[in-house]
Amino acid sequence: MKQIAWIQSHMVRAPLARIMGLSELIRNNICTKEEETENLNGIVSSSKELDEQIKIIVQKAHNIEGIKNE
């Protein structure tokens, strides 16, 4: 459970914070078209990273459940 909490607080938070920051720049028209494209690429990349971290958390939770059910 400590591993899951650590992953959630550090590994999930980082890509989420990037997604929030980059999307805010785009939403507020603070960047050029070129920067907007770069920011969108960053959002896609961070979204994939976030998805991977969520999969890791789910797998760890399943492993814990498997141990408890034995």
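This note's numbering numbers the first residue of the sequence shown as 29 and each following residue consecutively.
The beta-carbon is built from N, C-alpha and C at its ideal position, and this holds for glycine as well.
- Non-local beta-carbon contacts of R46 in its own chain, meaning distances under 7 angstroms to residues more than five positions away in sequence, involve G70, S74 in chain order.
- Here the alpha carbons of Q81 and I35 stand approximately 7 angstroms from one another.
- Separation of C59 and M48 (C-alpha to C-alpha, rounded to the nearest whole angstrom) is 15 angstroms.
- Counting every other CB atom within 10 Å of its CB across the protein chains shown gives L68 a total below 16, marking it as exposed.
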